[in-house]
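To start, the structure itself, in structure tokens.
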Amino acid sequence: MGPPKQLKRTFLGFDLSTQKLKAVLLGSSLEVVAAAEVKFDTDLPEFRTTGGANAGIIKNEYFVQPVMWVKAMDIVLDRLVMQQADLSTVAAISGSGQQHGSLYWSKHGINTLQNLDSEKFLHAQIDDSAFVVNRTPIWMDATTTKQCLEMEMAVGGTLNMVELTGSKCYERFTGPQIRKIYQQRCHAYEEASRISLVSSFISSLFLGSVAPIDFSDGSGMNLLDIRKKNWSKECLNVCAPDLDKRLDIPVSPNSILGNVSPYFVERFSFSPDCKVAASTGDNPSALSGMLVGSSWLTISLGTSDTLMMSLKEPLNWEEGHILCHPTETEEFMGLLCFRNASLVREEMNKKTTGGNWDKFNEYLDSTPRGNFGNMAVHFNDMEIIPKVQGILRWNKEMNPSFPDAARGVIKFSSPQIEIRALVEGQMLHHRAVAEDLGYKFGPETQILVTGGASVNKSILQTIADVFNAPVHIQDEGYEAALLGAAYRSAYALYLQEAGEEGTPLCYRDYILSLTSNKLSLVCEPHKDSEEIYAPMLLRYREMARVLSNPNT
Ligand SMILES: Nc1ncnc2c1ncn2[C@@H]1O[C@H](COP(=O)(O)OP(=O)(O)O)[C@@H](O)[C@H]1O
Ligand SMILES: O=C(CO)[C@@H](O)[C@H](O)COP(=O)(O)O
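All residue numbers for the sequence shown refer to the UniProt record's numbering, where the first residue is 1 and numbers rise by one.
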């Protein structure tokens, strides 16, 4: 007799983020059984991405070809199989997707999705003709200022948009992006039978039909009423005509959407009973993968740097975002996203050390906290908060009464000082934005960091010092967004199986009852951190102001 069914169960999670598609297979104790990834720049060079994205000819325009993501799915599944991953044991699947990006399905594409031939690769079937927009906008795109203004004006102003959807209109949010396509490529909009987010696209592939959008990732569109957890008719109307049909009704991120499509049963031996759960955005998924209490601040250092926190009630933030919570579905999450993050650190690393992170850390560690008064703000691309672009360096004498130097013409005297000024400047920026929105850092603050750069202890130490709080990482060694996807699939299945009977455990209790994934304290702030960084926070704010208004 084989082991009981429960013991053989595994859970499959995907994270389709900016630079990679990652997959993880978790066993019944949520331990990692197999993992694989596909890096777009290097594994799929034919798509010519840099940092996972294609830059357009217009300033601040970024897109990808959706077929790249389909091809990546073919490869990542093959890589799992090569590791002897037994996909017949998968009980449920879910995904995490970079937020805000959108895909526009043609009628033909939907038909293909529903009738996949298991003898062929996905990308040989779901090809360019499956989408009516083949340069599909992703979160890095910031070309929709006009549409943002129009949408806000049509709902009665910025505050009304914030009150309704949890965010003012942001260029990368999906609503303004859809409106731009409707205005500039009216024919393509008309031909688009359905619109997916990157997250719901992952579920769609496995379901064999276009999956609904979950209301946590749906909160990143400027279209969802975050209190009602449904589309706001007002926002849909001011965005584009007949949008409700193209979006379908949003669902809870804890939903099971159906069984895996026959394609995966025939090609990869998935069980026909394997369930496909709703996928969600990578930041909500990261919060789901970080099993901490609501008082923790969580930080993801992915392509973007993001700060996330759980909130009982939605706040009316004029900057930043309030999203529906991905697991405690009556609650909310706060999200602050910063564009100038890993790619800026990476560029500095290339320039100063030829791309050697060990050397980068050696340089960072060789300079004192506070950097002898040298500070920098690096907004290489237009930052999200504040909406400013440019680089500014100040040494200790520099202040706003030296406007010429303030324009960033001076470079520091050594790579060591450059690197510390960059990393301290980024973290001061993140802290200042959070504080300015009312987030209180105090002796009780604890931070959990995830994302690609969370392996870097010297950056984590700078975070501990600038935020004056202990920094932890998860022991598992996999990123929280990816783990969160697999965890959520397990929970969605548990809820479905619990049915109407009894009171099911809440997400955190259920996941903690299965997993032994622990946190490790990696860095404590130095005793004099507040003394050093409190005045630098004030100086950072002044630098951001000067950068916004160079003539003042
Ligand atoms: N040792 C390191 N130190 C600092 N940053 C690192 C290190 N290793 C990887 N990274 C950064 O991690 C980023 C990728 O993070 P990841 O979370 O995988 O991105 P995404 O999820 O957005 O695709 C890279 O851009 C790289 O700069
Ligand atoms: O735009 C946002 C959040 O609002 C970004 O955080 C994207 O969700 C991309 O995430 P990463 O690939 O950087 O993890």
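Beta carbons are placed, not taken as given, at the ideal position from N, Cα and C, and that holds for glycine.
Nearest CA to the CA of Val260: which residue from Gly218, Pro253, Ser204, Gly220?
In this structure, Ser204 is the residue among Gly218, Pro253, Ser204, Gly220 with its C-alpha nearest to the C-alpha of Val260.
Checking 7 Å against the spacing of the C-beta atoms, do Val90 and Leu12 come in under that value?
Between Val90 and Leu12, the gap from beta carbon to beta carbon is short of 7 Å.
Rounded to whole angstroms, what's the CA-CA distance from Gln6 to Val251? Just pull it up for me.
Reliability fails at Gln6, whose pLDDT of 45 lies under 50, so the model's placement of it is uncertain and the value that follows must be treated cautiously. Looking at the two C-alpha atoms, the distance is approximately 27 Å.
So, for Asn371: in the same chain, excluding its five sequence neighbours on each side, which residues have a beta-carbon less than 7 Å away from its beta-carbon?
Ile417, Arg420, Ala421, Glu424, listed in sequence order.
Just how far apart, CA to CA, sit Tyr487 and Asp141?
Rounded to the nearest whole angstrom, the CA to CA distance from Tyr487 to Asp141 is 30 Å.
What do you reckon, are the CB atoms on Asp465 and Arg369 nearer than 7 Å?
Yes.
Ligand 1 and Trp69: does the residue's C-beta get closer than 6 Å to at least one heavy atom of that ligand?
Answer for Trp69: no, Cβ out of range of ligand 1.
Asn230, buried or exposed, once every other Cβ within 10 Å from all chains shown has been counted against 16:
Asn230 is exposed by the Cβ-count criterion.
Classify Asp214 as buried or exposed, calling it buried when 16 or more other Cβ atoms lie within 10 Å of its own Cβ.
Counting Cβ neighbours within 10 Å, Asp214 comes out buried, since at least 16 surround it.
For Lys245, which of helix, strand or coil comes out of DSSP?
Helix.
Are the Cβ atoms of Lys20 and Glu37 separated by less than 7 Å?
Between Lys20 and Glu37, the C-beta spacing is below 7 Å.
DSSP-derived helix/strand/coil call for Asn349:
DSSP, reduced to helix, strand and coil, places Asn349 within a helical segment of the structure shown.
Compute every distance between the C-beta of Gly302 and the non-hydrogen atoms of ligand 1, then say whether any falls below 6 Å.
Of the heavy atoms belonging to ligand 1, at least one sits nearer than 6 Å to the Cβ of Gly302.
Between which residues of its own chain and Tyr263 is the CB-CB distance below 7 Å, once the five residues before and five after are set aside?
Correct list, in chain order: Leu116, Ser118, Gly208.
Any heavy atom of ligand 2 closer than 6 Å to the Cβ of Gln99?
Checking every heavy atom of ligand 2 against the Cβ of Gln99, one is found closer than 6 Å.
Quickly, what does DSSP pair Gln474 with across the bridge? List them, please.
Note: Gln474 is bridge-paired with Leu519 in the DSSP secondary-structure output.
Quick one: does the C-beta of Val455 sit closer than 6 Å to a heavy atom of ligand 1?
Ligand 1 approaches Val455 closely enough that one of its heavy atoms is under 6 Å from the residue's Cβ.
Is Tyr507 near Tyr491, with beta carbons less than 7 Å apart?
Cβ atoms of Tyr507 and Tyr491: closer than 7 Å.
Confirm the yes/no value for this check: CB of Cys337, any heavy atom of ligand 2, distance under 6 Å.
Result yes, Cβ under 6 Å from ligand 2.
Measuring alpha carbon to alpha carbon, tell me which residue in Thr143, Phe270, Gly484 is nearest Pro253.
That would be Gly484, whose Cα lies nearest to the Cα of Pro253.
For Asp475 and Lys518, believed in contact at Cβ under 8 Å, the rounded distance:
Here Lys518 really is in contact with Asp475; their C-beta atoms are around 5 Å apart, less than 8 Å.
For a test of your reading of the model: does the CB of Gly13 fall under 6 Å from any non-hydrogen atom of ligand 1? Yes or no.
Because no heavy atom of ligand 1 lies under 6 Å away, the Cβ of Gly13 does not count as near it: no.
Could you check if Lys275 is buried or exposed, using at least 16 other CB atoms within 10 Å of its CB as the buried criterion?
Looking at its Cβ environment, which holds 16 or more other Cβ atoms inside 10 Å, Lys275 is buried.
Own chain residues within Cβ distance below 6 Å of Asp74, not counting five before or after:
Phe121, Leu122, His123, listed in sequence order.
Quick check on the DSSP output: what are the complete alpha helix (DSSP H) runs of length 4 or more inside the segment 70 to 153, in order along the chain?
Within the segment 70 to 153, the runs of alpha helix (DSSP H) at least 4 residues long that lie entirely inside it are, in chain order, 107 to 114.
Hey, is Gly156 close to ligand 1, as in C-beta under 6 Å from one of its heavy atoms?
Answer for Gly156: no, Cβ out of range of ligand 1.
Would you check whether ligand 2 has a heavy atom nearer than 6 Å to the C-beta of Val317?
Rather than Val, the amino acid found at residue 317 in this sequence is Trp. For ligand 2, not one heavy atom lies less than 6 Å from the Cβ of Trp317.
Could you check whether the Cβ of Ser529 sits closer than 7 Å to any Cβ belonging to chain B?
Here chain B cannot be found, since the structure has a single protein chain.
Can you name, in chain order, every residue of its own chain whose Cβ lies under 8 Å from the Cβ of Glu163, other than the five neighbours on each side?
The residues are Asn316.
I'd like to confirm something about Gln461: is its beta-carbon nearer than 6 Å to some heavy atom of ligand 1, or not?
For Gln461, the shortest separation between its Cβ and any heavy atom of ligand 1 does not lie below 6 Å.
Assuming Asp41 and Gly51 form a contact by the criterion Cβ under 8 Å, report the distance between their Cβ atoms to the nearest whole angstrom.
Asp41 to Gly51, Cβ: 7 Å. Contact.
Just to confirm the assignment, what range does the beta strand (DSSP E) spanning Met308 have?
DSSP places Met308 in the uninterrupted beta strand (DSSP E) bounded by 305 to 311.
Own chain residues within Cβ distance below 8 Å of Gly2, not counting five before or after:
Reliability of the predicted coordinates at Gly2 is poor, the pLDDT of 40 falling under 50, and no value is obtained from them.
Closest by C-alpha distance to Ile110, when choosing among Leu103, Gln98, Ala130, Gln99
When each option's Cα is compared against that of Ile110, the closest is Ala130.
Residues sharing a beta bridge with Glu37, DSSP:
Paired residue(s): Lys22.
Going by DSSP, name the residue or residues bridged to Met333.
For Met333, which the question treats as bridged, DSSP gives the partners Ser310, Leu323.
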